[in-house]
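Here the structure comes first, spelled out in structure tokens, and everything after it is commentary.
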Ligand SMILES: [Cu+2]
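In the working numbering, the protein residues as written are 959 to 1086.
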């Protein structure tokens, strides 16, 4: 029985900066900037687009293999609205996307309607 060998990371930041790390991933040792998360172990990843001075944040390597020390998933909390490009520095440009954060959400956002929520129909009158 084998283990899944799918290994990825999710990295945000300036593209040239990410590319530098990505192209060195498969070196004599795995590139530490790709392999390890950018935030201290055990701390949440909170992203405001300016982390570490240049907006760099990475989850580090993620995989579903129980024999490695890498987590299966990570959670990133976005604290500022914006459009943030990310990619997997293991696989490069073919595994990329954007996260669109429309507004800051502190706590539960379900209690206040979005400004873009559709208008509600007026209630029917209760006149007899
Ligand atoms: Cu990947």
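Glycine residues also receive a C-beta, built at the ideal position from the N, C-alpha and C atoms.
State the start and end residues of the unbroken beta strand (DSSP E) segment that holds residue i.
{"i": "residue 1036", "result": "1034 to 1036"}
{"i": "residue 1041", "result": "1040 to 1046"}
{"i": "residue 1026", "result": "No beta strand (DSSP E) holds residue 1026; DSSP gives it neither H nor E."}
{"i": "residue 1055", "result": "1050 to 1059"}
Excluding five sequence neighbours on each side, which residues of the same chain lie with their C-beta closer than 6 Å to the C-beta of residue i?
{"i": "residue 1043", "result": "1056"}
Along the alpha helix (DSSP H) that carries residue i, what are the first and last residues, could you check?
{"i": "residue 1014", "result": "Run containing residue 1014: none; DSSP gives neither H nor E here."}
{"i": "residue 917", "result": "Since the first and last residues shown for the chain are 959 and 1086, residue 917 lies out of range."}
{"i": "residue 1006", "result": "It is not in any alpha helix (DSSP H) - residue 1006 carries neither H nor E in the DSSP assignment."}
{"i": "residue 978", "result": "973 to 981"}
Hey, would you say residue i sits closer than 9 Å to residue j, going by beta carbons?
{"i": "residue 1041", "j": "residue 1058", "result": "yes"}
{"i": "residue 1015", "j": "residue 988", "result": "no"}
{"i": "residue 1021", "j": "residue 978", "result": "no"}
{"i": "residue 1050", "j": "residue 980", "result": "yes"}
Which same chain residues end up closer than 8 Å to residue i when comparing Cβ atoms and leaving out the 5 residues on each side of it in sequence?
{"i": "residue 1037", "result": "1004, 1005, 1006, 1062"}
{"i": "residue 975", "result": "1012, 1014"}
{"i": "residue 1053", "result": "966, 1045, 1046"}
{"i": "residue 1002", "result": "1033, 1035"}
{"i": "residue 972", "result": "1012, 1013, 1014"}
{"i": "residue 995", "result": "1003, 1016, 1017, 1018, 1032"}
{"i": "residue 1048", "result": "965, 966, 967, 980, 983, 992, 1019"}
Which term fits residue i, buried or exposed, when burial requires 16 or more other beta carbons within 10 angstroms of its beta carbon?
{"i": "residue 1000", "result": "exposed"}
{"i": "residue 969", "result": "buried"}
{"i": "residue 991", "result": "buried"}
{"i": "residue 1074", "result": "Model confidence at residue 1074 stands at a pLDDT of 44, short of 50, so the residue's coordinates are unreliable; what they give is reported in the following sentence. Looking at its Cβ environment, which holds fewer than 16 other Cβ atoms inside 10 Å, residue 1074 is exposed."}
Give every residue of the same chain whose Cβ lies closer than 7 Å to the Cβ of residue i, excluding the five residues on either side of it in the sequence, and list them in chain order.
{"i": "residue 986", "result": "none"}
{"i": "residue 928", "result": "Because the chain is modelled from 959 through 1086, residue 928 falls outside the range shown and cannot be assessed."}
Under 8 Å, with one C-beta from each stretch per pair, do the region 998 to 1011 and the region 1024 to 1031 reach the 3-pair mark? Contact between the region 998 to 1011 and the region 1024 to 1031 is absent, with fewer than three C-beta pairs closer than 8 Å.
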